[in-house]
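Reviewing the structure listed below.
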């Protein structure tokens with residue numbers, strides 16, 4: 001685990017999540033603020049061998065790419081018109097007494113390929129009445145292009161095919177994608193992500209076409225339970241459950257299955 005910059009662990013900490021950390025919060029947080037960071041692009045370009053895929057058949061999870069670097073890659077025309085450098089997610093405040101234990105917990109989750117960076121976070125307008133206009137030095141875990149799990153540019157079609165077919169110890173890769181899509185929508189405002197929406201549409205079409213295949217069977221099995229609720233409401237319910245679970249002290253146990261959540 002590498003780190004750009006450093007912090008005094010006796011101080012409080014703000015942590016920004018842009019993936020499943022949006023609906024799977026860290027332990028011991030006392031504030032959650034929807035917001036965004038600038039200068040990055042979110043992409044499903046990180047391989048997942050341990051949670052949403054396997055070593056023989058890796059799934060895909062999100063990472064962040066610096067906008068300036070992303071622009072040199074010549075992405076697919078269908079998504080090259082994306083002009084925003086904002087990445088929406090949620091910032092969590094960790095009190096000083098828990099910073100060291102929370103950081104150690106998160107480092108274990110992200111030991112394979114993720115590096116710690118620091119950037120400013122900007123609360124969404126709906127949160128600015130109770131929070132400052134910016135939160136400096138938010139910690140964020142990023143799978144840099146130099147890490148072995150970073151796959152680089154892939155066509156949306158190829159990524160969608162992998163997500164539709166992949167399944168790992170934490171469940172179907174499609175579940176991760178759909179939860180991210182709905183969780184971003186639940187933040188309100190302009191929090192949607194063109195890349196996420198495009199992939200979700202493609203994966204839904206693939207799953208519909210293969211409803212009676214192995215892919216469809218695996219997906220339906222993974223979706224039982226909470227995924228039987230309506231698509232419009234399951235992400236909100238999941239967020240509320242996870243928030244309550246962590247507040248009650250159930251989250252962050254050493255033996256808990258830890259999914260990549262950033």
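Numbering (the working numbering), first residue to last: 1 to 262. Each residue gets a CB set at the ideal place from its N, CA and C atoms; glycine is no exception. Since the model is a prediction, treat every value here as computed from it, not as a measurement.
Across which residues does DSSP place residue i in a beta bridge pair?
i: residue 33; result: 91
i: residue 14; result: 93
i: residue 60; result: 47
i: residue 167; result: 172
i: residue 52; result: Residue 52 is not bridged to any residue.
Could you round the C-beta distance between residue i and residue j to whole angstroms and report it? I think they count as a contact, below 8 Å.
i: residue 271; j: residue 90; result: Since the displayed the chain opens at 1 and closes at 262, residue 271 lies outside it and no answer follows.
i: residue 189; j: residue 125; result: 7 Å
i: residue 139; j: residue 21; result: That belief does not hold up - the Cβ atoms of residue 139 and residue 21 are roughly 11 Å apart, past 8 Å.
i: residue 142; j: residue 201; result: No, residue 142 and residue 201 are not in contact; Cβ-Cβ is about 26 Å, not under 8 Å.
i: residue 15; j: residue 92; result: 5 Å
i: residue 28; j: residue 135; result: With 8 Å as the limit, residue 28 and residue 135 do not qualify as a contact, their Cβ atoms being about 18 Å apart.
i: residue 42; j: residue 69; result: Rounded, the Cβ-Cβ distance is 13 Å, inconsistent with contact.
i: residue 199; j: residue 160; result: 5 Å
i: residue 180; j: residue 47; result: At roughly 17 Å, the Cβ-Cβ gap does not stay under 8 Å, so residue 180 and residue 47 are not in contact.
i: residue 121; j: residue 192; result: Their Cβ separation, rounded to whole angstroms, is 18 Å, which puts residue 121 and residue 192 out of contact at 8 Å.
i: residue 23; j: residue 183; result: 5 Å
i: residue 102; j: residue 26; result: 5 Å
i: residue 59; j: residue 203; result: Rounded, the Cβ-Cβ distance is 12 Å, inconsistent with contact.
i: residue 61; j: residue 176; result: 7 Å
i: residue 206; j: residue 153; result: Not quite, the Cβ-Cβ distance comes to about 20 Å (not below 8 Å), so this is no contact.
i: residue 11; j: residue 96; result: 6 Å
Where does the unbroken alpha helix (DSSP H) through residue i begin, and where does it stop?
i: residue 68; result: 67-70
i: residue 197; result: 194-209
Mind checking which residues open and close the beta strand (DSSP E) that includes residue i?
i: residue 47; result: 40-48
### Query
Of all the beta strand (DSSP E) runs that stay within the bounds of the segment 101-153, which reach a length of 3 or more residues?
115-123, 135-142
### Message
Does the segment 153-172 come into contact with the segment 54-64, if we say contact requires no fewer than three beta-carbon pairs (one atom in each stretch) closer than 8 Å?
### Response
Contact between the segment 153-172 and the segment 54-64 is present, because at least three Cβ pairs lie under 8 Å.
### Query
Does the count of Cβ pairs from the segment 169-178 and the segment 135-146 closer than 8 Å reach three?
no
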